[in-house]
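Chains as they are written, first to last, in numbering that gives the first Met the number 0: chain A, 0 to 321; chain B, 0 to 332; chain C, 0 to 292. By construction, the Cβ of each residue, glycine as well, lies at the ideal position given by its N, Cα and C atoms. As the structure is a prediction and not an experimental result, all values here were calculated from the model. Heads up, the thing below is written out as structure tokens.
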Amino acid sequence: MDNILKIENLKTHFFTKNGILKAVDDISFNIKRGEIVGLVGESGSGKSITGFSIMGLIDAPGKIVSGNILFNNHPLLNYTPDQMRNLRGNKLAMIFQDPMMTLNPVLRIDTQMIETIKAHDKTISVRNAFEIARDTLGLVGISSPEERMKAYPHQFSGGMRQRVSIAIAMLNKPDLIIADEPTTALDVTIQGQVIYEMQELCKKTGTALLWITHDLAVVAGIASRICVMYAGRIVEQGSVKEIINNPMHPYTIGLIKSVPSQNKRGEPLHQIEGMVPSMLNLPDGCAFHDRCNQATNNCKNSRPLETNFSKTRVIRCFNFER
Amino acid sequence: MSKILEIKNISKKFIKSIDLSSKFINFFGDFYREEIIHAVDNVSFDVMSGEVVGVVGESGCGKSTLGRMVSGILPITSGKVDFKGEHYCGFEGTSYKTDINLNLKIQMIFQDPFSSLNPRQKIIDIISEAPLHHDLITKKNKKSFVEDILKKVGLGSDVIERYPHQFSGGQRQRIGIARALAVSPDLIVCDESIAALDVSIQAQVINLFLKLREDFNLTYLFISHDIGVIQHIADKVVVMYLGQVVESASVKEIFSKPNHPYTQALLEGVPTLDTKRKVYTPIRGEIPSPLDPPTGCYFHPRCKFSTKKCIEEKPLFSEISPGHFSACHLNKN
Amino acid sequence: MSNEKTGLSKFWSEFTENKIALISLLIFLFIVFVAIFAPIISPTDPYDLSKVSIMDSRLPPLSENFAGQTFVLGSDGAGRDMLSAIFYGLRVSLGVGVMSGIFALIIGTFFGISAAFFGGKYETFIMRVVDIQLSFPSILMALIILAAFGKGVEKTIIALVLVQWAYYARTARATALVERSKEYVEAAHCLALGNKKIMFKHILPNCMPPLIVVGTLQTAHAISLEATLSFLGLGLPITEPSLGLLIGNGFEYMHTGDFWISIFPGVALLITIVSINLVGDHLRDMFNPRLKR
Numbered sequence: 000m001d002n003i004l005k006i007e008n009l010k011t012h013f014f015t016k017n018g019i020l021k022a023v024d025d026i027s028f029n030i031k032r033g034e035i036v037g038l039v040g041e042s043g044s045g046k047s048i049t050g051f052s053i054m055g056l057i058d059a060p061g062k063i064v065s066g067n068i069l070f071n072n073h074p075l076l077n078y079t080p081d082q083m084r085n086l087r088g089n090k091l092a093m094i095f096q097d098p099m100m101t102l103n104p105v106l107r108i109d110t111q112m113i114e115t116i117k118a119h120d121k122t123i124s125v126r127n128a129f130e131i132a133r134d135t136l137g138l139v140g141i142s143s144p145e146e147r148m149k150a151y152p153h154q155f156s157g158g159m160r161q162r163v164s165i166a167i168a169m170l171n172k173p174d175l176i177i178a179d180e181p182t183t184a185l186d187v188t189i190q191g192q193v194i195y196e197m198q199e200l201c202k203k204t205g206t207a208l209l210w211i212t213h214d215l216a217v218v219a220g221i222a223s224r225i226c227v228m229y230a231g232r233i234v235e236q237g238s239v240k241e242i243i244n245n246p247m248h249p250y251t252i253g254l255i256k257s258v259p260s261q262n263k264r265g266e267p268l269h270q271i272e273g274m275v276p277s278m279l280n281l282p283d284g285c286a287f288h289d290r291c292n293q294a295t296n297n298c299k300n301s302r303p304l305e306t307n308f309s310k311t312r313v314i315r316c317f318n319f320e321r
Numbered sequence: 000m001s002k003i004l005e006i007k008n009i010s011k012k013f014i015k016s017i018d019l020s021s022k023f024i025n026f027f028g029d030f031y032r033e034e035i036i037h038a039v040d041n042v043s044f045d046v047m048s049g050e051v052v053g054v055v056g057e058s059g060c061g062k063s064t065l066g067r068m069v070s071g072i073l074p075i076t077s078g079k080v081d082f083k084g085e086h087y088c089g090f091e092g093t094s095y096k097t098d099i100n101l102n103l104k105i106q107m108i109f110q111d112p113f114s115s116l117n118p119r120q121k122i123i124d125i126i127s128e129a130p131l132h133h134d135l136i137t138k139k140n141k142k143s144f145v146e147d148i149l150k151k152v153g154l155g156s157d158v159i160e161r162y163p164h165q166f167s168g169g170q171r172q173r174i175g176i177a178r179a180l181a182v183s184p185d186l187i188v189c190d191e192s193i194a195a196l197d198v199s200i201q202a203q204v205i206n207l208f209l210k211l212r213e214d215f216n217l218t219y220l221f222i223s224h225d226i227g228v229i230q231h232i233a234d235k236v237v238v239m240y241l242g243q244v245v246e247s248a249s250v251k252e253i254f255s256k257p258n259h260p261y262t263q264a265l266l267e268g269v270p271t272l273d274t275k276r277k278v279y280t281p282i283r284g285e286i287p288s289p290l291d292p293p294t295g296c297y298f299h300p301r302c303k304f305s306t307k308k309c310i311e312e313k314p315l316f317s318e319i320s321p322g323h324f325s326a327c328h329l330n331k332n
Numbered sequence: 000m001s002n003e004k005t006g007l008s009k010f011w012s013e014f015t016e017n018k019i020a021l022i023s024l025l026i027f028l029f030i031v032f033v034a035i036f037a038p039i040i041s042p043t044d045p046y047d048l049s050k051v052s053i054m055d056s057r058l059p060p061l062s063e064n065f066a067g068q069t070f071v072l073g074s075d076g077a078g079r080d081m082l083s084a085i086f087y088g089l090r091v092s093l094g095v096g097v098m099s100g101i102f103a104l105i106i107g108t109f110f111g112i113s114a115a116f117f118g119g120k121y122e123t124f125i126m127r128v129v130d131i132q133l134s135f136p137s138i139l140m141a142l143i144i145l146a147a148f149g150k151g152v153e154k155t156i157i158a159l160v161l162v163q164w165a166y167y168a169r170t171a172r173a174t175a176l177v178e179r180s181k182e183y184v185e186a187a188h189c190l191a192l193g194n195k196k197i198m199f200k201h202i203l204p205n206c207m208p209p210l211i212v213v214g215t216l217q218t219a220h221a222i223s224l225e226a227t228l229s230f231l232g233l234g235l236p237i238t239e240p241s242l243g244l245l246i247g248n249g250f251e252y253m254h255t256g257d258f259w260i261s262i263f264p265g266v267a268l269l270i271t272i273v274s275i276n277l278v279g280d281h282l283r284d285m286f287n288p289r290l291k292r
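Listed below in structure tokens is the structure:
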């Protein structure tokens, strides 16, 4: 299987009046066709900015400073704005945490969906577009789609709105969907439904999925590979089994250990000391060194490079546990 | 262990009454109706001194409203809350006010670290305002008092002259905890207090809660949607759905023998760090609108086991085994 | 903890990013300076009847009077130096405008915040009064009030306050409603701090930003309103001439070609109002979180 997305040494920096914010600072990873990859990180790790960088949605004062983004072997960074616009919503789609970032509150659902289809296929008739829209809504688990399409976004609940956003993303049969925290704002029982449906959808249509989240547990059940981000860098990546059952980077180890279910009841939870560093003032060496219990002097002064531990495993650490 | 909090059949109704123009239009037909939301509907449970009671549920279940009624922020519509045996909460529309001394004994820690601190107050004032107002400390020992409390929540004294916006989410939550501790409460209501924090900070704050419980002999009412956290720290669990309590039991019982179908579905649906490809069997349907709850058992439209009785009759909240309560018709057999 | 600038210095550096607003602020500060120090910096005292001579009347700009002084902006129908008259006029215009603004702010904020805090019938009553008042054109209201009260500085200020307080009340109530639902106010309730303290120590300080914006823009509006009233001959007595009065007095000379008697005070008024408006606009943009990048 070849790669639908190849990211090489991507750097996205924000040039603010308070300094340079290195939101994404040299990351590389790939997504194969039809694969589901989880990009896991906390707030400030740069995971959302990664998604926006791929979509070409970085505005001033942000700028993609260096690196390569190859989508279907096309270099996206060389694309003109028009070419990107043709791609977005078409073969490359995005879903946001808040469905109201996708949905226009004053337009009916069918209008919005037909608009999306017609934007990328000028020749299609309204009737055909309507049918595609209706079928896609059925695909994401909305019952009686023909009637429900006539409603406005505010008449739907949160879970339904998110499903509609997913449907809109799927309308033009994309090759890759970037989902930025799609279920974080949903209730647990609805989250379960949406995760399940997305999983089925991707299996059926062969769409690749980049699932960006802070919750390891969510991607544990659905992804085949996970990339762990910290302070703008990918510290570890590998298959889901490897990362969760055998984490090697101290940050990943700390994250997994601090999940309540991994701790004995009544005992204090394992915690990672300290705080995420300010992105304006990243330390010179490894960004995690001041919170790491394996840190050495080397970690403070130089940045660890990526080590290919195995064919699937990449890790960025001087002292990882083998 | 003694009972520190007894919640007896409390309810909270939010009524949106029809205004004059709608009343006028109603002359011509029944167009407008008063909208009543039973945010909390006949909830009863006890909290023992030193216990951590976890309240779980999804949106619309009323857990936040419950928390605010217990901490004295919202008046209750009906029912009774006794704190250490004394009648506690004030009712809406009456002149009965909550006893201030009792009010201070129950404090709340909020969800949003960004809006739970007054952005225009210095940290020292945020923490010392209430104790000064209630004459618990004097202006002279204000500084040392605040520094002392900050140490207990893991913050240095260099923060006192700063403003909230200069701190991270986790630090702000600690400041919020310090503010609550400053009035020496016995019971603390935590309303999704860690939901807005990063995962690596959540563990720190949870550990802080547990440590403070030991140091200060605190009791917690821990409201959360995070089942994993509840399983770790709660002694007793209360499960709410659409304003009602559907099940309550010790934490061991709830997780090993969940009785109510909603509890079962809730526990099953939680993503875990289990790498076996999870096959989700999600429960169908959406959470109903609180304005228009289903008839009979509120959960029946989504329940795999619903029967005719479930559609018609509301199940009673009854004890199915010692300390384990559930509201489900299927238990009658 | 962040190293970013805090409080006033951050506010200032953000404000000065917009050069136009900065220039407007400087112009306005200059006008305030002129207004305060008018008696000291004016070339003449235009209201000292011993110095004013009808022989000097209607001299065009940059002409000399009998005593050899240069009237930079000319003289008016009674022989007064226009420049000095404008300085004194700014004093009155600004004074009345700002005073009425401050009183309207205090009254409006009080009613707005208490309405938001207590709710119920009290709030409904106050807000209906505000609605009714705001549906009247402000000029009409001011005219009616002054027709009833008569002329005088205090009466003008009272009329302007009565016309303006409703704007402040509406803005104050809107922000207070937002703040009231925030968790720090709930915490204050939980800590039993008492209604007065919650309203004035917690809610009020956080309502200030939009009120400052309304205050700036309303002050400009008040100044212009007062000018209109004076132009029509109402409100201020001739002993306290504002720019409006000067414009009004000079109006009759327009068709004989002595434009400077009316135009120069008009320009001064324009600069004052525009500079305040530009500062207020920029303040409003600064406080609007959605425009922040």
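Is it buried or exposed, residue i, if we count other Cβ atoms within 10 angstroms and call 16 or more buried?
| i | result |
| --- | --- |
| N77(A) | exposed |
| I237(C) | exposed |
| L245(C) | buried |
| H328(B) | buried |
| D179(A) | buried |
| R32(B) | exposed |
| M112(A) | buried |
| Y95(B) | Confidence at Y95(B) is low in this model, with a pLDDT of 49, below 50, so the placement of that residue should be treated as unreliable; the coordinate-derived value is given next. When all chains shown are included, Y95(B) counts as exposed. |
| M253(C) | exposed |
Work out the CA separation of residue j and residue i for me, nearest whole Å.
| i | j | result |
| --- | --- | --- |
| G153(B) | R173(B) | 8 Å |
| A118(A) | D81(A) | 12 Å |
| K4(C) | V184(C) | Because K4(C) carries a pLDDT of 48, less than 50, the predicted location of this residue cannot be relied on, and the following value inherits that uncertainty. Roughly 27 Å separates the two Cα atoms. |
| P293(B) | K313(B) | 10 Å |
| P287(B) | R315(A) | 47 Å |
| S52(C) | F250(C) | 20 Å |
| I35(B) | I105(C) | 38 Å |
| I19(C) | L277(C) | 8 Å |
| G169(B) | S183(B) | 22 Å |
| V227(A) | H12(A) | 19 Å |
| A286(A) | I48(A) | 18 Å |
| A34(C) | Y87(C) | 7 Å |
| N330(B) | V250(B) | 20 Å |
Pop quiz: residue i and residue j are said to be a contact at Cβ under 8 Å. What is the actual Cβ separation, rounded to whole angstroms?
| i | j | result |
| --- | --- | --- |
| P112(B) | N205(C) | Wrong, their Cβ atoms sit about 17 Å apart, outside the cutoff. |
| G111(C) | T43(C) | G111(C) to T43(C), Cβ: 46 Å. No contact. |
| F144(B) | E246(B) | Not confirmed; about 43 Å, so no contact. |
| L272(B) | I243(A) | 6 Å |
Output needed in chain order: residues of the stretch 197-222 of chain B with a Cβ under 8 Å from some Cβ in chain A. Answer in chain order: D197, V198, S199, I200, Q201, A202, Q203, I205, N206, L209, K210.
Does the pairing of the stretch 187-199 of chain B with the stretch 95-115 of chain B give three or more beta-carbon distances under 8 Å? Contact between the stretch 187-199 of chain B and the stretch 95-115 of chain B is established, with three or more Cβ pairs separated by less than 8 Å.
Do the stretch 271-280 of chain C and the stretch 217-229 of chain C make contact, defined as three or more Cβ pairs closer than 8 Å? Verdict: yes, contact present.
For the stretch 160-189 of chain C, which residues have a CB atom closer than 7 Å to at least one CB atom of chain B, in sequence order? Cβ contacts with chain B come from K181, E182, Y183, E185, A186, H188, C189.
Does the stretch 49-61 of chain A come within contact of the stretch 84-104 of chain A, defined as at least 3 CB pairs closer than 8 Å? Result yes; three or more Cβ-Cβ pairs closer than 8 Å.
Does the pairing of the stretch 289-309 of chain A with the stretch 29-40 of chain A give three or more beta-carbon distances under 8 Å? Judged by Cβ distances under 8 Å, the stretch 289-309 of chain A makes no contact with the stretch 29-40 of chain A, as fewer than three pairs qualify.
Taking a Cβ distance cut-off of 9 Å, strictly less, list which residues of the stretch 259-273 of chain B are near chain A, in chain order. Across the stretch 259-273 of chain B, CB contacts with chain A closer than 9 Å involve Y261, A264, L265, E267, G268, V269, P270, T271, L272, D273, in sequence order along the chain.
Answer yes if the stretch 208-219 of chain C comes into contact with the stretch 136-155 of chain C, meaning at least three C-beta pairs across the two stretches below 8 Å, and no otherwise. Contact annotation: the stretch 136-155 of chain C does not touch the stretch 208-219 of chain C, with fewer than three C-beta pairs closer than 8 Å.
Counting Cβ pairs closer than 8 Å, one from the stretch 234-254 of chain B and one from the stretch 35-53 of chain B, do we hit at least three? Contact annotation: the stretch 234-254 of chain B touches the stretch 35-53 of chain B, with at least three C-beta pairs closer than 8 Å.
Against chain A: residues of the stretch 155-183 of chain B by CB proximity under 9 Å: Only those residues of the stretch 155-183 of chain B whose C-beta falls short of 9 Å from the nearest C-beta of chain A are listed: S167, G168, G169, Q170.
Count the CB pairs spanning the stretch 207-226 of chain A and the stretch 264-276 of chain A that are closer than 8 Å, and state whether there are at least three. No, they do not touch.
Do the stretch 113-124 of chain C and the stretch 52-67 of chain C meet, that is, are 3 or more Cβ pairs less than 8 Å apart? Here the stretch 113-124 of chain C makes no contact with the stretch 52-67 of chain C; the two share fewer than three CB pairs at distances below 8 Å.
Report the residues of the stretch 127-149 of chain B with a CB closer than 8 Å to any CB of chain C, ordered along the chain. The residues in question are E128, A129, H132, H133.
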